[in-house]
């Protein structure tokens, strides 16, 4: 009987020692790799699980043991793992790593800068360089009828006029030029909303002036896009807007080179007779009145210039492109005066 008691004691002691050793090993196995702080960024792919990333954590020297890490996961069963970029530290133990993975995903942010005066094709190219989508597919998305209808329903300043036959790109002129911070994994619809939200914010500041204007939003952005292209200095914008409005009031053709460039899809310092005679609803040398739609993305100063033009009696203006230092624009009341200034400052007739 004494013999069996000794065996029983031995088994108990052995099990206690085994439990102590196992617990000790588990504690060590789930402890931090280092006492020193060392940040490591890891990318968790889509559809990953806590168990499937054990090798990723081990390869980045964030855990001591895959086995003990997996035991921890099976015991505590943490919530679903989200894909993204996480910042972890080698002084974190397994519990701290899992806690971070459960709730502190840090998706990488990138910036997209859309300068004033860019055309929609250029905007698509800029965005394409930042996200996993081609320029062509972005443009197709912006021309999708279902997308356009949903945007018209969402934004007060978008109307069915953007779908008018002859308009090259429905959303040309409607994306506000700015610098946007987006998540790297953002989709084109998210970026589209951001740019339109910003335009909404800007236009909303002028709602009363828009309602009192002789122009609707589409016409305001159309004229603003011409001003955006033609003005060299910010101070010229209200003056140039005033010139174009004076011409519209007199039923004179606007004769803006900016619209010729958009019509032929080529921008030059000067255009020949053939260019000026291009039959396009964008060409204000060929057709009277405003073009069918905007030709670029105008900034706020150009929009404001159309709503608050300088009142004067000028009908012509000339930017002295030969003098890059002064960047001066000359205004004339008559075509005769304008021609004289062309010869004087450009060395040619207009």
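In our numbering, the protein residues as written are 6 to 355. Glycine residues also receive a C-beta, built at the ideal position from the N, C-alpha and C atoms. Since the model is a prediction, treat every value here as computed from it, not as a measurement.
TODO: Can you give me the Cβ contacts of residue 307 inside the same chain, cut-off strictly under 6 Å, excluding the 5 residues immediately before and after it?
DONE: Once the five neighbours on either side are set aside, the close Cβ partners of residue 307 are 229, 232, 233, 242.
- [ ] Give the DSSP bridge partners of residue 44, in chain order.
- [x] Its beta-bridge partners are 94.
Task: CB of residue 264 within 7 Å of CB of residue 296, strictly - done: yes
Task: Separation of residue 127 from residue 56, as counted between CA atoms - done: 44 Å
- [ ] Grab me the residues of residue 267's own chain with a C-beta within less than 6 Å of its C-beta, minus the 5 sequence neighbours each way, in chain order.
- [x] Closer than 6 Å at Cβ, skipping near neighbours: 287, 300.
Open item on the list: Does residue 29 pass the burial test, meaning 16 or more other C-beta atoms within 10 Å, or should it be called exposed?
Closed with: Legend: pLDDT at residue 29 = 47, less than 50; position of this residue unreliable, value from coordinates given subsequently. Flag for residue 29 reads exposed.
Task: Complete runs of the alpha helix (DSSP H) confined to the region 65–149 [at least 4 residues] - done: 71–81, 99–108, 125–133, 140–148
- [ ] Return the chain-ordered list of same chain residues with a C-beta closer than 6 Å to the C-beta of residue 270, the five sequence neighbours on each side being excluded.
- [x] The same chain holds no residue with a CB closer than 6 Å to that of residue 270 once the five nearest residues on each side in sequence are set aside.
Task: Three-way DSSP call (helix, strand, coil) for residue 274 in this model - done: Residue 274 falls in the coil class under three-state DSSP.
Open item on the list: Just to confirm the assignment, what range does the alpha helix (DSSP H) spanning residue 229 have?
Closed with: 222–235
Task: C-alpha gap between residue 188 and residue 121, whole angstroms - done: About 23 Å.
TODO: Indicate whether the contact test is met: 3 or more Cβ pairs, each with one atom in the region 152–160 and one in the region 88–100, closer than 8 Å.
DONE: no
Task: Backbone secondary structure at residue 180 - three-state DSSP - done: coil
Open item on the list: Ignoring anything shorter than 3 residues, give me the beta strand (DSSP E) runs that lie fully in the region 156–212, in order along the chain.
Closed with: Listed in chain order, they are 184–188.
Task: Neighbourhood of residue 48 by C-beta distance below 6 Å, restricted to the same chain and skipping five residues each side - done: 90
Task: Separation of residue 190 from residue 101, as counted between CA atoms - done: For the pair residue 101 and residue 190, the Cα-to-Cα distance works out to about 26 Å.
Task: Own chain, CB closer than 6 Å to residue 248, minus 5 neighbours either side, in chain order - done: Taken in chain order, the residues that qualify are 319, 322.
Task: Spatial neighbours of residue 37 in its chain, beta-carbon cut-off 7 Å, leaving aside the 5 residues before and after - done: 95, 96, 97, 98
- [ ] Starting from residue 49, follow its DSSP beta bridges and name the residues at the other end.
- [x] Bridge partners of residue 49: 89.
- [ ] Could you check which residue in 235, 340, 317, 200 has the C-alpha nearest to that of residue 254?
- [x] 317
Task: Rounded straight-line distance, which links the Cα of residue 195 to that of residue 22 - done: With a pLDDT of 44 at residue 22, under the threshold of 50, the modelled position of this residue cannot be trusted; read the value that follows with caution. Near 59 Å, if we compare the C-alpha coordinates of residue 195 and residue 22.
Open item on the list: Could you compute how far the alpha carbon of residue 345 sits from the alpha carbon of residue 285?
Closed with: 30 Å
- [ ] Mind the definition here: the region 274–285 touches the region 197–214 only if three or more C-beta pairs lie below 8 Å; say whether that holds.
- [x] no
- [ ] To the nearest angstrom, report how far apart residue 341 and residue 348 are at their CA atoms.
- [x] 11 Å
Task: Integer Cβ distance of residue 250 from residue 324, believed to fall under 8 Å - done: Actually they are not in contact, since the Cβ atoms of residue 250 and residue 324 sit about 18 Å apart, beyond 8 Å.
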